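So for the sequence shown, my numbering puts the first residue at 569; every next one is plus one.
Down below is the structure, laid out as structure tokens.
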Amino acid sequence: MEVTRRDLFKFTGLAAAGVVGASALAGCAPKTAAETAMLADTGSADAGLPAFLQAPEPITDFADTREYDIVVVGAGESGLSAAHSAVAAGAKVACVQNIGTAQTTGNMGASMDTTKTDEAGIQACVAFLMEKNAYRSNRKLLEAWARNSYEAVTWWADTAAEGGAESKPYDSEREYNGYTYYLHANTYNHLEGAHNDAALAVCDAVAAESVEFFFNSPAVQLYKEGERVAGVICETEEGNVLFKAAKGVILASGDCSGNQEMRDYYCPDLRGFKTMSPFRDGMGMMTGIWAGAQMTPVNHSKMVHGGGALTRLELPFLNLDIHGERFMNEVLSFAYLNNLMRGYLEEYDFQNPMAAKFFTIMPANWAEIGEQWTAVHPEEVKFGVGNMKIPSEDQFVKGETFAELAANINAYMEAEEWHIDPIDEQAIVASIEAYNELCATGSDGQFGKRADYLVPIEQGPFFAVPRGANSVPAVLGIAATLLARRIVPLNAHRWARFGSLAAMLAASLCLIAVSEFPSAAVPLATAGALLGAFGFCAILLMFNEAIVPLSLIRIALFTAASRFIAVPMTYLCQGLAGTRFALVLVLLPLLSLSCLALAFRSLPERERVVRPYPKFSYPWKPLAVLCICAFAYGMRTAQLPEGAGVHSSLSTALVMGTFFVVVYFFSDRFSVSALFRSPLLLMVCGVLLIPAEGVLGTTAAGYLISMGMTLMSLLISLLFYDLSKRMGIAIVALTGIMRVNTLFTLWGARCTDLLGRTSLDEGTQSILVSAAVVMLVLASTLMLLSEKDLASRWGIKLLETENLAADSLRAEAIAERCDAVSASCHLSPREDEICRLIASGKTNQQIERELFIASGTLKAHIQHIYVKCDVHSRKELIALCGGE
């Protein structure tokens, strides 16, 4: 593809840079020995180089081939802009993205405001950037940015605003060599999703322009015809798909900050800093290198952030390192702080990125002094970046004296788990006092800081601001947008399966060792409890994943059956000792993981993939109900009779057995809403029997309260399953926090224990506990009765279900019919997925949210489904799939 100067201006701003990259790829294979040697130095595959530079064998077998004029790799800021420009120029465009949504990060897309800046100002800005980059930059690219960026950035802002993501512009004025230039940026810090909210809006707009998006389709190789790059090979659910590009490929596919090998090779001074975005794996760069493209010469441009508004508080007071010593001229932008931290990271063998942190020591009147500095030196002194909010003093470490401040700094590091050795508090005090003496001289003989900034730390209380850039969001090379690998289920992670098994077996060994080494019983039991808790929780979450694809009635039956079977198994294991006890402790985890693996493998392939789920408001109300009931139950645990309790007890067997029978035989004869009120009814009845314990004993009340709590736990989990199925949210994201109810049980028991230590008599204590339990149960009842709120706010509609059996059977029948339609009409995996969602009654907006696809892309898929299924409307498609 030949790109003329006219073409370059047609493909404006960010898109222009993308087309320059595409033209390089169109004929990038080296043709001479000299070129080959040059590329070996900068990034072509050759023996002895890092593994990522070794080109794999070309892929030649394709599940499908699709043809376009332009293929854009990456749906971030650059990719969306390039796709828009290409389609506006009349090209047929595909945009492939390896995650399920368009995505970009950061906040400020900077541009040169060419409506205010004259030619001399443009050249002055370019000259300034050349100087700042040691004249290593490509001047033509800088000029292309300067002349086109304003058009690109304003287009982005206007397009995002039309989609509901309004920018807060940030404008600034600079001078260099006597010439003034003006900068303009979009900022989105005020939005919940920041810059990515704008990206999603822009993606919808670009899709409406007829750009076809293919999400969850990571590019794995560039396709070549002879010496020309002629397409992109993507890994999809269908297999490897070839996207042919008649005119060119635009790589806008992200950086390599999440690829440790590439980081160490291209930007070795980032060693030790933590990765902010592990999904930025450099795959797009690698495809270009394998095709023969030349990588940007090292050392690569790096971006190191971290610390949010605190790090960006650029007030040149006194900076103290992790040894309590001054270490720099404090007039330095946060973006460069990382360059001073390599020695500190080395002290911790590059394993602790918190070693790159430090503290800025400030007096009480810091804001007043900072405003005076800003008025004189606005380019050097900043309270923040762009429209970022100024941090509050609540975020600072505080001390009335230097000594108290020093002590509180160490306390802060420990509380925040920096894992840094405590600082000598006397060293901190001495450094502050020495700095004040230095300020009195009016000259910085240590680091040469401007005399204007030599203001002593005198007025208390004193503050220490934890600062330091220690996270790497990007390492830039060919292009900079996001890359991410598709998310897979917890069951598919080897570390999850083997980690949970190892934890359970280790816990078992600890318990076996307790009897052999009684002197070490406490640490062994503690270790066993912690390991067992991790293994149990991991297995429980994988169990949730394995059954969530089933209908709700089957989920209810499987859950009740599993808890019921646990009771006799626990009973049979009681009293075991010696070899038998050890054997059971080893066999049970193995049996559990084996059953899980078998269950997961039995699921259809489409159900094994957990995709990125949409933003959602966590359904705190059902969880709050469970926690309140758990607290009430905890207050009564001391009075529970033998056989009562929520964990594998006789009361558990009674509840689960009854629940299984009712759901299996009578689920078509009762309201689910009534079922959800039953645990509260049981707990209320149990509470009402407490005053009669003198006559009846504690058995009746204890059993009823335990049974109510057990049933409540089961039913709340069913609410979460319902939400997961309706909204497409990963079940692990919902049920993972449910274990917090155990803490509330412990806290309830602790409250009763503390009450027992008072001087109150037992009768009064019993009355107080009973009253508290009654009020808690009533609070739970009031919260759960607001069913409309659960449905409107979180989409939980299970309580509105009048016939669980009929609804579940209908869902299973639709699924079976969709299987047949998909097979007979040869629907692709994505089309099959959309067809099932339509058949289940979901709207286009719900499907877009669940699958992370743009409106235009969804409509295109629906049209393809109509054609393949020989239907002409949504109603006909739903009828074909057995829906209503």
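Glycine included, every Cβ here is placed at the ideal spot set by N, Cα and C.
All values reported here derive from a predicted model rather than from experimental measurement.
Going by DSSP, Lys925 is part of no alpha helix (DSSP H) at all; its letter is neither H nor E.
Here the stretch 684–696 makes no contact with the stretch 728–738; the two share fewer than three CB pairs at distances below 8 Å.
Spatial neighbours of Gln1027 in its own chain (CB-CB distance under 6 Å, excluding positions within 5 residues in sequence) are listed in chain order as Pro931, Ala932, Asn933.
Collapsing the DSSP output to three states places His763 in a helix.
Residue pairing by DSSP puts Lys812 in a beta bridge opposite Glu635, Gly799. Val1023 places its beta carbon 8 Å or farther from that of Ile890.
Our two residues, Ser1119 and Leu1377, have alpha carbons roughly 8 Å apart in a direct line. Per DSSP, Val788 is not a residue of any alpha helix (DSSP H); the beta strand (DSSP E) it occupies stretches across 787–793.
Judged by their CB atoms, Val1193 and Thr1278 are not nearer to each other than the 8 Å cut-off. For Ala662, the pairing in a beta bridge is given by DSSP as Val639, Glu780. DSSP, reduced to helix, strand and coil, places Arg880 outside both helices and strands of the structure shown, so it counts as coil.
Spanning the alpha carbons of Ala1128 and Thr1094 requires a straight line of approximately 30 Å. The DSSP-derived three-state label of Lys1189 is helix.
Annotation for Arg894: no beta strand (DSSP E) segment contains it, and DSSP assigns it neither H nor E. Between Pro1029 and Ala935, the alpha-carbon positions lie close to 13 Å from each other. Sequence-distant Cβ neighbours of Leu1250 in its own chain, meaning closer than 6 Å and more than five residues away, are Leu1272, Met1275, Gly1276. A contact is defined here as three or more CB-CB pairs under 8 Å, and the stretch 912–932 meets this definition with respect to the stretch 976–991.
Leu819 is bridged by DSSP to Val641. Contact between the stretch 1067–1081 and the stretch 1121–1139 is not established, with fewer than three Cβ pairs separated by less than 8 Å. When beta bridges are read from the DSSP output, Leu886 appears opposite Ile929. Separation of Arg1398 and Lys1410 (C-alpha to C-alpha, rounded to the nearest whole angstrom) is 16 Å. Burial check for Trp1188: the Cβ neighbour count within 10 Å stays below 16, so the residue is exposed. Tyr980 and Glu1330 have their alpha carbons spaced roughly 43 Å apart.
A Cβ-Cβ contact shorter than 8 Å links Val1231 with Ile1121. For Val1135, the enclosing alpha helix (DSSP H) stretches over residues 1120–1141. Remark: fewer than three beta-carbon pairs, one from each stretch, lie closer than 8 Å, so the stretch 812–824 and the stretch 682–692 are not flagged as touching. Comparing C-alpha distances from Ser653 to each of Arg1169, Arg1018, Ala775 shows the shortest one belongs to Ala775.
Bounds of the alpha helix (DSSP H) holding Val1231 are 1218–1234. In this structure, the CA atom of Ala859 is about 15 Å from the CA atom of Ala813.
For Ser1162, same chain residues with a beta-carbon under 7 Å away, outside a window of 5 residues either side, do not exist.
CA-CA distance, Ala1097 to Gly1202, rounds to 20 Å. Contact check for Ser785 and Ala720: beta-carbon distance about 25 Å, past the 8 Å limit, so the pair fails to qualify. Apart from sequence neighbours up to five positions away, the residues of its chain that approach Leu1069 with a beta-carbon distance below 8 Å are Gly1103, Pro1157, Leu1158, Leu1161, ordered along the chain.
In the DSSP assignment, Pro1034 is bridged to Phe927. Cys1386 is not a Cβ neighbour of Cys1437, given a cutoff of 8 Å. DSSP places Arg1018 in the coil class of the three-state scheme, outside both helix and strand.
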